[in-house]
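The structure appears right after this line, and notes come after that.
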Amino acid sequence: MKTLGKEFFAELSAKATAAPRKRAHFNLHKSVEEDFHRLCIAAEPDTYIRPHRHSRKEAWELLVILKGTADVLIFDDNGTLKERVTLSESGAERAIEIDQNTFHGFIPHEKGSIVLEVKRGPYLPTQELDFGAWSPPEGDEKVPQFLARLKTLRVGEKLS
Numbered sequence: 019m020k021t022l023g024k025e026f027f028a029e030l031s032a033k034a035t036a037a038p039r040k041r042a043h044f045n046l047h048k049s050v051e052e053d054f055h056r057l058c059i060a061a062e063p064d065t066y067i068r069p070h071r072h073s074r075k076e077a078w079e080l081l082v083i084l085k086g087t088a089d090v091l092i093f094d095d096n097g098t099l100k101e102r103v104t105l106s107e108s109g110a111e112r113a114i115e116i117d118q119n120t121f122h123g124f125i126p127h128e129k130g131s132i133v134l135e136v137k138r139g140p141y142l143p144t145q146e147l148d149f150g151a152w153s154p155p156e157g158d159e160k161v162p163q164f165l166a167r168l169k170t171l172r173v174g175e176k177l178s
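Read in order, the letters of the sequence shown correspond to residues 19 to 178 in my numbering.
Dropping the structure here:
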């Protein structure tokens with residue numbers, strides 16, 4: 019049995035703060051080969067999670083906010099923002115299920131934000147064609163400017 023409480027959240031958040039990518043994962047599933055993956059992701063406001071989609075069959079994704087506040091951004095194939103959903107532990111929206119082949123991104127707003135992610139396994143690395151071609155890869159010099167744009171992007175606006 020695994021429990022997720024204040025001490026666990028504090029430890030995972032500390033790992034995210036110390037990590038170069040400003041996020042940390044904790045797998046609840048035992049193996050990357052399992053049919054369903056359940057993981058906690060602690061993410062700091064300056065982390066960059068490149069917009070991507072899951073294109074394999076039945077590749078939905080469920081995100082449930084456990085701590086903090088974060089926006090989930092939904093894009094069309096051309097990089098136009100279709101929807102911005104704010105998930106908050108104390109707000110109106112706590113979870114979102116993202117359909118297969120839907121480009122999406124994740125922007126934490128508070129230090130110590132943690133989300134529970136549930137999706138189909140087994141683990142397969144994201145293929146280059148499943149990243150938004152309109153988004154820079156992690157580590158690119160354009161990431162800070164792009165991340166700032168994501169934080170203020172409005173529904174109907176297009177990234178290029």
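Backbone N, C-alpha and C define an ideal beta-carbon position, used for all residues, glycine too.
Please read these numbers as outputs of a predicted model, since none were measured by experiment.
Tyr141 and His55: beta carbons closer than 8 Å? yes
Where does Glu146 sit, in a helix, a strand or coil, going by DSSP? helix
Name the DSSP beta bridge partners of Glu101, please? When beta bridges are read from the DSSP output, Glu101 appears opposite Ile92.
For Thr144 and Arg74, what's the separation of their Cα atoms in angstroms? Going from the Cα of Thr144 to the Cα of Arg74 covers about 10 Å.
Just verifying my parser: in three-state terms, what is the DSSP assignment at Arg56? strand
For Ala36, three-class secondary structure by DSSP: helix
Answer yes or no: do Lys100 and Asp64 have a C-beta to C-beta separation smaller than 8 Å? no
Cα-Cα separation between Ala166 and Ser49, rounded to whole angstroms: 35 Å
List the DSSP bridge partners of Leu177. DSSP, once it has assigned bridges, lists no residue as partnering Leu177.
Nonlocal neighbours in the same chain, by C-beta distance under 7 Å from Leu30, ignoring five residues either side: Contacts found: Ala42, Phe44, Cys58, Ala60 and Ile132.
Specify, as a first and last residue, the run of the alpha helix (DSSP H) that Arg167 falls within. Following the DSSP letters along the chain, one finds Arg167 inside the alpha helix (DSSP H) bounded by residues Val161 to Thr170.
Quick one: grab the DSSP three-state call for Lys240. Limits of the chain in this structure are 19 at one end and 178 at the other, which puts residue 240 out of reach.
Helix, strand or coil: how does DSSP classify Ala42 here? strand
Taking the straight line between their C-alpha atoms, what separation do you get for Ser153 and Asp89? 17 Å
Simplified DSSP state of Lys75, which is helix, strand or coil: coil
Can you tell which of Gly174, Glu135 and Phe93 has the C-alpha that lies nearest to the C-alpha of Gly150? Phe93
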